[in-house]
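Student:
Residue numbers (mature numbering (1 follows the signal peptide of the UniProt record, and there is no 0)): -24 to -1, 1 to 311.
Right, here's the structure in full:
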């Protein structure tokens, strides 16, 4: 989430996913087990983005690169935030000129996917940070997944989250200052923001819908899949297919939203800390979203497509579970 629930004001540039339209089969949706249940939950829409195959930033894509500033007063941190499109870097543009050299260690392989950079250098009282937003904002109930490798440099917040507004939000946030290699502790902060957020000054720990869970691996040494499943009245969180926690109740959102990937630092000692002592980045290999749309046109199209399915046995596709099948890392239903 944005610090203290602040939202983006201006979007001026576009990013990419280059994912082809789903071909045959899967006409009636995509199935997965939610929360370890034996029965499968089916979602009708998919949005899959393989960033390891991204060659350029195009205009007709699934993602946006926002460019906007947030003052330190708005973030409740020591520094404001300057979200720069140039801080989202892929293998193809790693040598492109930037406003300044943002990376100590730039992207070196297509397998690295995208880099979301936080700079150690400040521009007056602003930190230079990064964000990636889905263009579609009709995402509601669904299974949302990303593969990331996190930074081991203390002082940043990496986030993968679903967002409608600052009081309807589902977050997985990683604070690098909390990582403790000596003790083998790598926590993730799991949050469902509710209307109560405004009463607690958007302090997630006081929201009543917050769980701090420990990851069973070092998230800075390799890529791992982070996932949350959003259903009516409940959200399940996972790491590499294993359930971390469940949050349920009236706080769970009821409106459609969009997905955001973010990497930032504002000097707030109780959250992101920072800024980092050196330029650093998180790497994102993919985003996979299987969901139900709230858009009437999309709903009608899905109904028609399912009704026209020739092979009912193949009309619902099983979503590969990375916990049971490591090949799921490179498998895309839309490819």
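Each residue gets a CB set at the ideal place from its N, CA and C atoms; glycine is no exception.
Computed from a prediction, not measured in an experiment: that's the story for all the values here.
For residue 65, is the classification buried or exposed, using 16 other Cβ atoms within 10 angstroms of its Cβ as the cut-off for buried?
Tutor: The residue given as residue 65 occupies position 89 in the chain shown. A buried status is given to residue 65, since no fewer than 16 other beta-carbon atoms sit within 10 Å of its beta-carbon.
Student: Are the segment 6 to 15 and the segment 285 to 296 in contact at 8 Å, needing three or more beta carbon pairs?
Tutor: Short answer: they touch.
Student: Determine the closest residue to residue 169 out of 137, 258, 276 and 88, with distance taken between C-alpha atoms.
Tutor: As a position in the chain shown, residue 169 is number 193, starting the count at 1. Among 137, 258, 276 and 88, the Cα nearest to that of residue 169 belongs to 137.
Student: Which residue or residues does DSSP assign as beta-bridge partners of residue 166?
Tutor: The count along the chain shown starts at 1 and reaches residue 166 at position 190. Answer by DSSP bridge pairing, in chain order: 148 and 187.
Student: Check whether the segment 214 to 222 and the segment 108 to 115 are in contact - that is, three or more C-beta pairs closer than 8 Å.
Tutor: no
Student: Determine the direct distance from the alpha carbon of residue 54 to that of residue 19, and round the result to whole angstroms.
Tutor: Sequence index remark: in the chain shown, residue 19 carries index 43 (1-based). Sequence index remark: in the chain shown, residue 54 carries index 78 (1-based). Cα to Cα, the separation comes out at about 42 Å.
Student: Indicate the three-state DSSP secondary structure (helix, strand or coil) for residue 238 in the structure shown.
Tutor: Along the chain shown, read from residue 1 onward, the residue named residue 238 stands at position 262. Here residue 238 sits in strand by DSSP.
Student: For residue 238, does the count of other Cβ atoms within 10 angstroms reach 16, so buried, or fall short, so exposed?
Tutor: On the chain shown, residue 238 is found 262 positions in, with the first residue counted as 1. So residue 238 counts as buried.
Student: Which runs of the beta strand (DSSP E), 3 residues or longer, sit entirely within the segment 90 to 139?
Tutor: Whole beta strand (DSSP E) segments, 3+ residues: 90 to 94, 102 to 110 and 115 to 125.
Student: Write down the C-beta distance between residue 199 and residue 311 rounded to the nearest angstrom, noting that I regard them as a contact closer than 8 Å.
Tutor: By one-based count along the chain shown, residue 199 stands at place 223. By one-based count along the chain shown, residue 311 stands at place 335. Contact flag wrong, Cβ pair sits at about 19 Å.
Student: Looking at the strands, I want to know which residues DSSP matches up with residue 266.
Tutor: Walking along the chain shown from the start, residue 266 turns up at place 290. Paired residues: 22 and 119.
Student: Which class does residue 155 belong to by DSSP, given the choice of helix, strand or coil?
Tutor: The residue given as residue 155 occupies position 179 in the chain shown. Residue state, collapsed to three classes: coil.
Student: Report yes if the CB atom of residue 63 is closer than 8 Å to the CB atom of residue 99, and no otherwise.
Tutor: Position 87 of the chain shown holds residue 63. Position 123 of the chain shown holds residue 99. Contact check for residue 63 against residue 99 fails: the beta carbons are separated by 8 Å or more.
Student: Taking just the CA atoms, how far does residue 261 sit from residue 276?
Tutor: Here residue 276 refers to the residue found at position 300 of the chain shown. Here residue 261 refers to the residue found at position 285 of the chain shown. One C-alpha to the other measures close to 32 Å.
Student: Would you tell me roughly how many angstroms separate the C-alpha atoms of residue 15 and residue 141, rounded to the nearest one?
Tutor: The sequence position of residue 15 within the chain shown is 39, counting from 1. The sequence position of residue 141 within the chain shown is 165, counting from 1. Each residue's alpha carbon lies about 32 Å from the other.
Student: Give every residue of the same chain whose Cβ lies closer than 6 Å to the Cβ of residue 195, excluding the five residues on either side of it in the sequence, and list them in chain order.
Tutor: Here the question's residue 195 lines up with position 219 in the chain shown. Taken in chain order, the residues that qualify are 126 and 162.
Student: For the alpha helix (DSSP H) containing residue 278, list its first residue and its last residue.
Tutor: In the chain shown, residue 278 corresponds to position 302, counting from 1. Residue 278 -> alpha helix (DSSP H) spans 272 to 283.
Student: Strictly by DSSP, which residues pair up with residue 205?
Tutor: Within the chain shown, residue 205 is the residue found at index 229, counting from 1. Bridge partners of residue 205: 119 and 212.
Student: In three-state DSSP terms, what is residue 29?
Tutor: Position 53 of the chain shown holds residue 29. In this structure, residue 29 counts as helix in the three-state DSSP scheme.
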